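Visitor:
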Amino acid sequence: MNIIFTDILPFNLEIIADGGQAFRWNRQEDGRYIGVIENNVLKVIQNDDELRIDSNADNKQTEPLKKYFDLYRDYNQIERELLRYEELIPAVRYCSGYRILFQDTWETTISFIISANNHIRNIKKTIENICRIYGNPIEHKGETYFSFPSPNVLAGLSEDELRLTKCGYRAKYIIETAKMVASGKIDIYGLKKLSTADIRKELMMLPGVGRKVADCIMLYSMRKFDAFPIDVWIKRVLEQIYFNGRKMSLAKLQNFAEKRFGDRAGFVQQYLFYYSRSCWSDIK
């Protein structure tokens, strides 16, 4: 299946794929990105205002891909709104075209449990190992890719088996979370109809899920744009921009961001995260 989307701007595939919100996109030498979404292999390249997608999918329905890349949303309007905040102008301009992907909740949950106290390179490698060892093979144009394993599969593993993926101490959290999801103790797909606060409370019942991970799950897979994950980069940039470099508690920063940005908080977080990691020397 080959699909071409046009009139996509503002859209920046590089920032979207490498911005830390998803971990199964890999850049190729020719500028394409290859990723696996559920059982579909996608080979994607952007040419200015055009997005070309080659996939193993049999059907030619474009709606799932439009939803995944958030092409229905008016990001011109979002960027105009954020540019009203003078302090955000450098970040928004630098990251123009960043879109928040609409990812699978189960895969996002495990991915961000793995992300805790970890680096993006290691996160990507661990997730790839999990898929390669325990996922289902997907053949596409002579290459073999792998799906993300189901809750039932991961729930049936021992810690020693899962540690083969280099996930370390997180193996226990992943297995226990998988058991809770597989047994129906928590319905992660049904949570999105709840309020952000109630979803957060439910997600934080999962082993290995704290406030930041819960907010990542909500933002990247449930369309809760008032979620504002705070990691070391976001903490640092908020303190620098808004508090003259003074150290602030996570609770105070969380409260500040939610009040200041409301239902645009998640978008602000994305711009600030990528901008701070890329341009920290310009911010200090």
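Per the working numbering: the sequence shown ends with 284, consecutive numbering throughout. Don't be surprised by glycine CBs; every beta carbon is placed ideally from N, CA and C. Nothing here was measured: the structure is a model prediction, and the numbers come from that model.
(1) For the beta strand (DSSP E) containing V36, name the first residue and the last one.
(2) Locate the beta strand (DSSP E) running through V41, then write down its first and last residues.
(3) Are the Cβ atoms of S276 and V213 separated by less than 8 Å?
(4) How should A91 be labelled, buried or exposed, when 16 other C-beta atoms within 10 angstroms of its C-beta is the threshold for buried?
(5) Where V41 and S147 are concerned, what is the direct C-alpha to C-alpha distance, given to the nearest angstrom?
(6) Is DSSP giving S55 helix, strand or coil here?
(7) Could you name the residues of the same chain whose beta carbon sits closer than 6 Å to that of Y134, not counting the 5 residues immediately before and after it, in chain order?
(8) Return the CA-CA distance between N2 and I53, expressed in angstroms with no decimal places.
(9) Assuming G20 contacts I120 under a Cβ cut-off of 8 Å, what Cβ separation, rounded to an integer in Å, is found between them?
(10) Alpha carbons only, please: which of N136, L71, K67, R93 is nearest the one belonging to D104?
(11) Checking 8 Å against the spacing of the C-beta atoms, do A155 and K179 come in under that value?
(12) Let me check one thing: in DSSP terms, what residues is R27 bridge-paired to?
(13) From the DSSP output, in three-state form, read off P137 for me.
(14) What's the gap between the Cα of R200 and the Cα of L219?
(15) Looking at C-alpha atoms only, which residue of P151, P10, S195, D231 is the closest neighbour of I175?
(16) Would you kindly work out how many angstroms separate the C-alpha atoms of L206 and T177, rounded to a whole number?
(17) Exposed or buried, which one is L13 when buried takes at least 16 other CB atoms within 10 Å?
(18) Starting from the Cα of T6, find the closest Cα among L272, D48, I34, I78 and give me that residue.
(19) Which runs of the alpha helix (DSSP H) spanning at least 4 residues fall entirely within the segment 191-251, listed in chain order?
(20) Whose C-alpha, out of I16, K141, V209, N244, is nearest the C-alpha of Q270?
Guide: Once the coordinates are examined:
(1) 33-37
(2) For V41, the enclosing beta strand (DSSP E) starts and ends at 40-47.
(3) no
(4) Classification for A91: buried.
(5) 9 Å
(6) strand
(7) P149, V153.
(8) 6 Å
(9) 6 Å
(10) The shortest Cα separation from D104 among N136, L71, K67, R93 belongs to K67.
(11) yes
(12) Y33
(13) strand
(14) 11 Å
(15) P151
(16) 6 Å
(17) buried
(18) D48
(19) 196-203, 211-221, 232-242
(20) I16
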